[in-house]
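K.L.:
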Amino acid sequence: MSEKNIINMILSKGISSLIGVYSSFMLNLWLFDKTNSYIIFIINTTAISLIPLIFSIPAGIISDKIKKTLILIICDIITILSFLILIFITYFDYFNQYLYLFIISLISISNEFRYTATTSLIPELASKDNLIKYNSIQQIFRGGAIILGPILGGISYVQLSIYISLSIAIIAHIYSIIILMKISFNFNYYKSDTHQNVKYIDTFKWLWKITYLRHYFLSSSLVTAIMSSYMAIITPYILTSYNKNTLIFISVSQGVGLLLSVYISIIKKYIKEDVLYHFSIFTIGLSMLFIGIIKNDFIYIFTFFIGFGIGVIAIINQTIWQKYTPQNILGKVTSIRTFSLYILSPLCIYLTFPFTENISKKLAYIISYNIEYPTGITISLLGIFVLLISLFLLTKTGAKNEL
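Residues in the sequence shown are numbered consecutively from 1261, following the numbering used here.
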């Protein structure tokens, strides 16, 4: 498979991802304008957040059984049809809560299958030596979606009609289908072991018995869950400890760090990927520790390193799993990793707020820290947890010869 086709596929998926984020943000604005109800907004958000938890496992099973380009094409077609219905109901100013929830749920299900299939497809197209480069390209779009998605959604909603914006999204998905069909006709993905039926429990046992991968699985899941808590409380902390301008600037600095993490493909030539992974976790933990206890302009540097560290961890973690997981179980392994995050992340966020009220406030009082900002103590403690994970990895990495 030519590099041009692989990059085109990644570009098409990246554009779809960016369009998806900005469309979701724009539709949320439209929903609130139509209903003026926080309750309906919360119900929709909650229902949609449950979909990845429910469909991550089926997505892994199907991804290992069916041609991945076919899955991606079907997902794009479903998304296009959903957008067409949304264009119709927005153009005629028709709103039905249940119809809207059904359509958004379809889009969310498609996104879950799309993510699993894309993650499993890349190592079938590319050599192992080039995986980190292609994952770095993907990271550009992930970072861009986080930074630009809400901005584009807000601007489009104000400056353009919502059905024109959705039409742009449809064009992006049509482009994606064309690229996928071109790849499908020019490459035979199926390898000799692709159709071997491996049960989920056997896949998990395989993952768990290999120390090297088990520690990557545990560390990335825990760090990501802790970062979910950090993202949930950093905004109220900044608004109470600093101001709105600071919140904007730290969002930019973190986003810039996330985007610059793509240069890991160059850094990897001089530093081993395991060392980069461990160092990134350590840097994130140290930055969070300082953010919570030091109140000055250095916060922009710390948030930059957090963004950079998150990007590096995402790229290396993805590359490791694609490199060392057999193709016939890669979809299931991807869904196991995803499922663990959907369990751990909400749990961490849920525990963060009572932790702040019951523990951080008491610690703030004991160490004479400003009692008005106990979330700073929580952020520092989360940073210490991340530092402990990095120290654990230094002694318990596991040998690659198990693979």
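Idealized CB from N, CA, C, for every residue including glycine.
1) When burial is assigned at 16 or more other CB atoms within 10 Å of the CB, is H1455 buried or exposed?
2) Go ahead and pull the three-state DSSP assignment for F1564.
3) What separation, rounded to the nearest whole angstrom, lies between the Cα atoms of L1467 and L1482?
4) Between which two residues does the alpha helix (DSSP H) harbouring S1480 extend?
5) How many angstroms separate the CA atom of T1638 from the CA atom of V1593?
6) Please specify which runs of the alpha helix (DSSP H), each continuous and at least 4 residues long, are wholly inside the stretch 1509–1575, giving them in chain order.
7) Thinking A1485 and C1608 are a contact (beta carbons under 8 Å), I'd like their distance in whole angstroms, please.
8) Looking only at C-alpha atoms, which of I1326, K1325, L1648 sits nearest to S1479?
9) Which residue spans inside the stretch 1327–1368 form an unbroken beta strand (DSSP E) run of at least 3?
10) For the alpha helix (DSSP H) containing S1595, name the first residue and the last one.
11) Take T1635 as the anchor and find which of Y1358, L1287, G1552 has the nearest alpha-carbon.
12) Since I believe I1349 is in contact with F1355 (beta carbons under 8 Å), could you give me their beta-carbon distance rounded to a whole number of angstroms?
13) Measure from the alpha carbon of K1264 to the alpha carbon of each residue in Q1578, Y1394, I1498, then state which is nearest.
14) Under 7 Å Cβ to Cβ from L1426, same chain only, skipping five residues before and after it: list those, please.
15) May I ask you to report which of helix, strand or coil DSSP gives T1585?
16) Are the stretch 1594–1606 and the stretch 1540–1556 in contact at 8 Å, needing three or more beta carbon pairs?
17) Could you check where the alpha helix (DSSP H) with S1650 kicks off and where it finishes?
18) If you count every other CB in all the chains shown that lies within 10 Å of the CB of I1566, and 16 or more means buried, which is it?
19) Report the CB separation of F1373 from A1319 in whole angstroms; it is logged as a contact under 8 Å.
20) Under a three-way DSSP split, which group does K1459 fall into?
21) Identify which residue in S1640, Y1476, T1612 has its Cα closest to the Cα of I1544.
22) Closer than 8 Å is the cut-off here; do at least three beta carbon pairs connect the stretch 1316–1333 with the stretch 1372–1389?
23) In terms of alpha-carbon separation, which member of S1396, L1310, K1273 lies closest to V1522?
24) Check whether the Cβ atoms of Y1584 and I1510 sit closer than 8 Å, and answer yes or no.
25) Around the C-beta of T1495, are 16 or more other C-beta atoms found within 10 angstroms, so that it is buried, or is it exposed?
26) With a threshold of 6 Å on Cβ separation, who are the neighbours of T1563 within its own chain once the five nearest residues in sequence on each side are excluded?
27) CA-CA distance, L1519 and K1469?
28) Among Y1476, F1613, I1314, R1474, which residue has its Cα nearest to the Cα of Y1497?
29) Less than 8 Å between CB atoms is the rule here; does G1515 satisfy it with respect to chain B?
30) Helix, strand or coil for L1313 per DSSP?
31) Measure how close the beta-carbons of K1328 and A1377 come, nearest whole angstrom, since I'm counting them as under 8 Å.
32) Helix, strand or coil for L1420 per DSSP?
33) Which of the three DSSP states is assigned to S1387 in this structure?
34) Please report the straight-line C-alpha distance between I1541 and L1289, rounded to a whole angstrom.
35) Using only the alpha-carbon positions, how far apart do I1270 and L1332 sit?
36) Got a sec? Which residues, its chain only, sit under 6 Å from I1437 by beta carbon, not counting five neighbours each side?
P.N.:
In short:
1) For H1455, the predicted structure reports a pLDDT of 47, less than 50, and the residue's modelled location is therefore unreliable. A value from the coordinates is still provided. With fewer than 16 Cβ atoms within 10 Å of its Cβ, H1455 is classed as exposed.
2) helix
3) 16 Å
4) 1471–1501
5) 32 Å
6) 1524–1527, 1533–1553
7) 4 Å
8) L1648
9) none
10) 1590–1615
11) G1552
12) 7 Å
13) Y1394
14) S1283, F1343, L1346, I1347
15) coil
16) no
17) 1634–1655
18) buried
19) 5 Å
20) coil
21) S1640
22) yes
23) S1396
24) no
25) exposed
26) I1510, S1513, Q1514
27) 34 Å
28) F1613
29) Protein chain content of the structure displayed is limited to a single chain, and chain B is not contained in it.
30) helix
31) 4 Å
32) coil
33) coil
34) 35 Å
35) 12 Å
36) I1333, D1336
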